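Below is one structure, written out as structure tokens, with a few remarks after it.
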Amino acid sequence: MNSSRSGVNRRTQRAPRRLDSTGISNGVAHIAALHPVFHAQVERHGMPPLWGRTPGFETLLRIILEQQVSLASANALRRRLLEALGSLSAQTIAAAGEEALRGRGVTRQKAGYCVGLARAVLEGQVDLAAIARASDDEARAMLVGIRGIGPWSAEIYQLMALRRPDIWPTGDLALLIALQELHGLGERPDNTHAAELTAPWAPYRSVGARLLWQAYLNRGTR
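The opening position of the sequence shown corresponds to residue 31 in the working numbering, with each subsequent residue numbered one higher.
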């Protein structure tokens, strides 16, 4: 593809505010034009799934539980909490308190984050509806202002719950490994290099992340 022409396309192309199946298709076409290997991937495995979660407190809670552990471990922990508390609303988490969460296997630090988030939501210090209405940059700033929510957690919430189309989850290990393999790099890219490599995917970096997750999950079936 002519680089100057693709540059014009990146500047003029606009993605929908909320990613849907049409946005996935458009994003795949945009990114596969830059990396034809994705054509073969989609032919073999189908379009990358529109993985999504419901916006709100419980999803943010789950993202905190998923920090620095496997998804399987986080899901098991979530199930234990759900069995113990009946629901994972801000009300039930705040009422349970940190000790109850720690008794179900949540680390001291994460228990503090979870209960702190619940209380902040109940007291109106965290407005999840306002975050959903905000621009990408504003929403990210609001999210990382919450204790326990760093860049990766904020961007996963934007990508999965808000389904913003142009989000790259900073520091996601699976994505960095898949990005290394895509470009045939001798070492895993750091966050700065990853941002440079994925910049041409705008305004569909969320679709690029889904393509790379799909590639990572199917590494043994190529």
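Glycine included, each C-beta is placed from N, C-alpha and C at the ideal position.
Every value quoted in this text rests on a predicted model; they were computed, and no experiment measured them.
{"Item": "Secondary structure, alpha helix (DSSP H): runs of 4+ residues fully inside the stretch 59-144", "Value": "67-75, 87-96, 101-115 and 120-133"}
{"Item": "Residue 47 in three-state terms, based on DSSP", "Value": "coil"}
{"Item": "Rounded straight-line distance, which links the Cα of residue 77 to that of residue 70", "Value": "11 Å"}
{"Item": "8 Å Cβ cutoff met for residue 89 and residue 160", "Value": "no"}
{"Item": "Beta-carbon proximity of residue 227 to residue 233, cut-off 8 Å", "Value": "no"}
{"Item": "Inter-residue spacing [alpha-carbon to alpha-carbon] between residue 175 and residue 182", "Value": "13 Å"}
{"Item": "Residue from 194, 125, 138 and 57 with nearest C-alpha to residue 170", "Value": "194"}
{"Item": "Coil, strand or helix - residue 218 by DSSP", "Value": "coil"}
{"Item": "Where the alpha helix (DSSP H) containing residue 176 begins and where it ends", "Value": "Where residue 176 is concerned, there is no enclosing alpha helix (DSSP H), given that its DSSP letter is neither H nor E."}
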